[in-house]
Structure formats: structure tokens, C-alpha cells
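Asker:
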Amino acid sequence: MDLFDVYSIMDIEPVRGQGCCVYDKAGNEYLDLYGGHAVISIGHSHPTYIKRITEQLQRLAFYSNSVQIPLQNELAERLGRLSGYDDYHLFLCNSGAEANENAIKLASFHNGRRKVLSFARSFHGRTHSAVTVTDNPGICAPVNNRDHVVFARLNDIEAVQSALEKGDISSVIIEGIQGLAGIYCPDPEFLQALQNLCDRTGTALILDEVQSGCGRSGKFFAHQYAGIRPDIITTAKGMGNGFPVAGVLISPRFEAHPGMLGTTFGGNHLACAASIAVLEVMEQEHLIENALATGNYLMAQLKSIPQIKEVRGRGLMIGLDFGTPAAPLRSKLIEKYRVFTGASSDKNVMRLLPALSLTKAQADAFLTALAEAMMNV
Ligand SMILES: Cc1ncc(COP(=O)(O)O)c(C=O)c1O
Numbered sequence: 269m270d271l272f273d274v275y276s277i278m279d280i281e282p283v284r285g286q287g288c289c290v291y292d293k294a295g296n297e298y299l300d301l302y303g304g305h306a307v308i309s310i311g312h313s314h315p316t317y318i319k320r321i322t323e324q325l326q327r328l329a330f331y332s333n334s335v336q337i338p339l340q341n342e343l344a345e346r347l348g349r350l351s352g353y354d355d356y357h358l359f360l361c362n363s364g365a366e367a368n369e370n371a372i373k374l375a376s377f378h379n380g381r382r383k384v385l386s387f388a389r390s391f392h393g394r395t396h397s398a399v400t401v402t403d404n405p406g407i408c409a410p411v412n413n414r415d416h417v418v419f420a421r422l423n424d425i426e427a428v429q430s431a432l433e434k435g436d437i438s439s440v441i442i443e444g445i446q447g448l449a450g451i452y453c454p455d456p457e458f459l460q461a462l463q464n465l466c467d468r469t470g471t472a473l474i475l476d477e478v479q480s481g482c483g484r485s486g487k488f489f490a491h492q493y494a495g496i497r498p499d500i501i502t503t504a505k506g507m508g509n510g511f512p513v514a515g516v517l518i519s520p521r522f523e524a525h526p527g528m529l530g531t532t533f534g535g536n537h538l539a540c541a542a543s544i545a546v547l548e549v550m551e552q553e554h555l556i557e558n559a560l561a562t563g564n565y566l567m568a569q570l571k572s573i574p575q576i577k578e579v580r581g582r583g584l585m586i587g588l589d590f591g592t593p594a595a596p597l598r599s600k601l602i603e604k605y606r607v608f609t610g611a612s613s614d615k616n617v618m619r620l621l622p623a624l625s626l627t628k629a630q631a632d633a634f635l636t637a638l639a640e641a642m643m644n645v
């Protein structure tokens, strides 16, 4: 059987990873400024991560959500404490799209409305509700009817206000930082006004922190730069450092009842062990602080490079807008300098999404490679 051919893939096969680097079969080292699409948070093959997952695997890999799984409570306790949301409730699932799917559904259960407001250039995943609120008709099939979705421009509070004041919008979904679009941060004042409008109109505010969460922005969640407390927050990617796991953080004003949401694999023993290891390492090694410091350093250096039109982002979620297609430079970086970087839906933007443990020396190594690659591209 052949694979269903849906991905554009590079001719590289990483077989091993350590920290912010991966290695191919020939033993070549690659500096990973892409983090496997913002997934690697504490670094590849961290010993604590390996130990926790291995020990759990030797005890019990899986049992369904019909039994006691204290690891889920331990994860919820740690996540609540580290994120500042210890009064929220946690629903565990398996992917970013699934987390958003459940968030949108929960909001609709809660207020009985069916419309959703989303933003231009957004990406929220590929399952039904998630893809309908994604600003890309090209990945919606005819079955993904979008007549319940309204799109507004990011930071356009008047547009949001006129839509919300009709009183029929169930939820507003917004990325903490727009990732795939090419790293666009919502203005803090916009997020504050958005929260007020949502509160006033009985609309649930959903913060999609799938890419920008788990410390990547230099705060646990990117929306915390605006000091807001959304009704629902979704998280995935960095949460499991590569183990598929996602979470929906739910304000205490939402009431749960048995059967309301559910999933077979969500919150399984291995996923919990992986996520607990991530939070433990993040705390012990001060990785959120490191993401902020190293990110600030890297962005300051990048801003002094004249060929880069704009540097956007927070922490270690950085977009470099070259004003011309970034693909040739990305190819040069991977082929000649063995540096992974990320693309974006804007062909002029390169994304940097490394592990939060990136050191200043590694940032410097990237800057040197980038400077040389720019001269030779
Ligand atoms: C902001 C955001 N939301 C949702 C998703 C979907 O996550 P997943 O691919 O785990 O379903 C992504 C994935 O890139 C994302 O960046």
C-alpha cells in the first residue's frame, strides 16, 4: 500500500533528536529552528520525558475514560498552576483541531447559539467545525458548509462589535498569535475590548493557543500579554513535546454533565505521562523565561538585518517577512547549513519555532548561517 500523498516533503530523514538538534542516518546534525511545526517544546528526547513515558509504558499504556486515571488529575493540577488557570476545568483530547472542535461545541451547548466569528488569515485545524472557522476555503469540502461563520479582520474591533451586537454569535475564536498566517500578534487593547464585547453579548471567547501556548510566546499563553481571561482556551502541539495530546481549559461558569463531550484516547496514560514530563521540565529548567530571553535576543539581532522587511512575534514564535519569497533561502539553509526553519501561508514569511530550550549560542549559530545563506541565495 502506498501512502496517501498529501504532504510536501523534504528529502531528509531524521532518525534521532537531542535538544534543539536532529540527526540523519549519516550522523549529520541539523539545528532545528522549526521544532517539528512548533511541537517540540522541551527539546528532543529529554531524559525526564523519556523516563516518565518509559516507566508509564512498563506499567500501563492505556485504559479508557471509564476508570480512575489519577494522572489526569496530576496533569490538570500542574497545568492549572503553571498557566495561572487553576480554577478552570480541563478536558483532554488528542489534537489541536479536536480541541477547537470541542471548544466551539461547548460554547454552542452553553448559549444555544450556532454562529461563530473568526478572523481573516486564521487557521484552526481540519476537522469540521475547526476548518469552517479557518480562513481558507481551499481546504473546506462541500460538506464543510460555512454559512454559520462570520470573518472579521484582526484588530478590527468595530467589525466585531457590529457582528456581536446582533446577539446571535455563539463564540469568537482567535489565535493567541496567528501562526500559519505568518506570525501576527493581536493588539492587547483589541483583545481586551474583544473580551468586554463577548462578556456584554453573552458570546464565548475561545483562545486558540494550540501553536502559541505552552510557553512558546514567553508567557504560558500568548493572550496573557493582554491580561485577559478567555472563557475557553485550547492547547496542543508543545503540550506533549511530540506525543499527541491536547487540552481544552474551561472557565468554571461552564457546567459539565456526563456524556457532554468525550473521546476514546483523550487523556490516556501515556499522553498524561508525556504532558506531565513537559510541565515538570518547563518549570525546573525555566524554559518559559528562556523562551522570552532568547526570543528577545534573537528578534533584536534579526531586526538589525536590512534584508528582512519585518520581524514579528513574541518569545520563540518568530516570523521573518523578507518581502520576497522565502523558499529559496529556506532551501539553502537546510541543504547547505543544515538548519530547519518553517514556512507560512504567506510565501514571503519564514517562521522560527524552535524548542524553548534554544540557547543563545544556538541562536547565534542560526544568525551566522542566515547571514551566509542570504549572501549565497
Ligand atoms: C493555531 C492552530 N490551531 C489548530 C491547529 C490544528 O492542530 P492539529 O494539527 O493538531 O489538529 C494548528 C496546527 O497547526 C494551529 O496552528
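Residue numbering for the sequence shown follows the numbering used here, starting at 269 and increasing by one per position. Note that CB positions come from ideal geometry on N, CA and C, so glycine has one too.
Locate the alpha helix (DSSP H) running through F377, then write down its first and last residues.
Answerer: Note, F377: alpha helix (DSSP H), 364-379.
Asker: Does the contact criterion of 3 or more C-beta pairs under 8 Å hold for the stretch 410-418 versus the stretch 470-485?
Answerer: Not touching, per the Cβ criterion.
Asker: According to DSSP, is G444 part of a helix, a strand, or is it coil?
Answerer: Note: G444 maps to coil in three-state DSSP.
Asker: Using DSSP's beta-bridge definition, name the partner residues of K383.
Answerer: Note: K383 sits in a beta bridge opposite I437.
Asker: Over the uninterrupted beta strand (DSSP E) stretch that includes Y302, give me the two end residues.
Answerer: First-last for Y302: undefined, no H or E at that position.
Asker: At a cut-off of 7 Å, is V513 close to ligand 1 when judged by its beta-carbon and the heavy atoms of the ligand?
Answerer: Result no, Cβ not under 7 Å from ligand 1.
Asker: Quick one: what does DSSP say V335 is sitting in, helix, strand or coil?
Answerer: V335: coil per DSSP, three-state reduction.
Asker: Figure out for me which residue from I407, A595, S430 has the closest Cα to the Cα of D614.
Answerer: For D614, the nearest C-alpha among the options comes from A595.
Asker: Secondary structure at I280, three-state DSSP: helix, strand or coil?
Answerer: Coil, per DSSP.
Asker: Jot down the residue ranges of each uninterrupted alpha helix (DSSP H) in the stretch 454-483, minimum 4 residues, whole runs only, in chain order.
Answerer: As far as the stretch 454-483 is concerned, its whole alpha helix (DSSP H) runs of at least 4 residues are 456-469.
Asker: Does DSSP put M550 in a helix, a strand or coil?
Answerer: Looking at M550 - three-state DSSP - the assignment turns out to be helix.
Asker: Is the beta carbon of R606 closer than 8 Å to that of Y298?
Answerer: In contact: Y298 and R606 (Cβ atoms closer than 8 Å).
Asker: Below 8 Å, how does it come out for the stretch 383-391 and the stretch 525-545: are there three or more Cβ pairs, yes or no?
Answerer: No: the two stretches stay apart, fewer than three of their Cβ pairs being nearer than 8 Å.
Asker: Who are G581's beta bridge partners in DSSP?
Answerer: Its beta-bridge partners are I586.
Asker: Would you mind reading off the limits of the alpha helix (DSSP H) that contains T502?
Answerer: No alpha helix (DSSP H) holds T502; the beta strand (DSSP E) holding it covers 500-503.
Asker: Roughly how many whole angstroms lie between the Cα atoms of D270 and L328?
Answerer: Distance between the alpha carbons of D270 and L328 is about 33 Å.
Asker: Going by DSSP in three states, F419 sits in which element: helix, strand or coil?
Answerer: Reduced to three states, the DSSP call for F419 is strand.
Asker: Looking only at its own chain, which residues have a Cβ that is under 7 Å from the Cβ of Y565, when we skip the five neighbours before and after it?
Answerer: Once the five neighbours on either side are set aside, the close Cβ partners of Y565 are K628, A631.
Asker: When DSSP builds the beta bridges, which residues end up paired with R619?
Answerer: Answer by DSSP bridge pairing, in chain order: G587, G610.
Asker: In chain order, what residues of the same chain have a beta carbon less than 6 Å from the beta carbon of N536, not counting five sequence neighbours either side?
Answerer: Answer for N536: F330, listed in chain order.
Asker: Can we say the stretch 392-405 touches the stretch 415-431, given the rule of at least three CB pairs closer than 8 Å?
Answerer: Cβ pair count under 8 Å is three or more, so yes.
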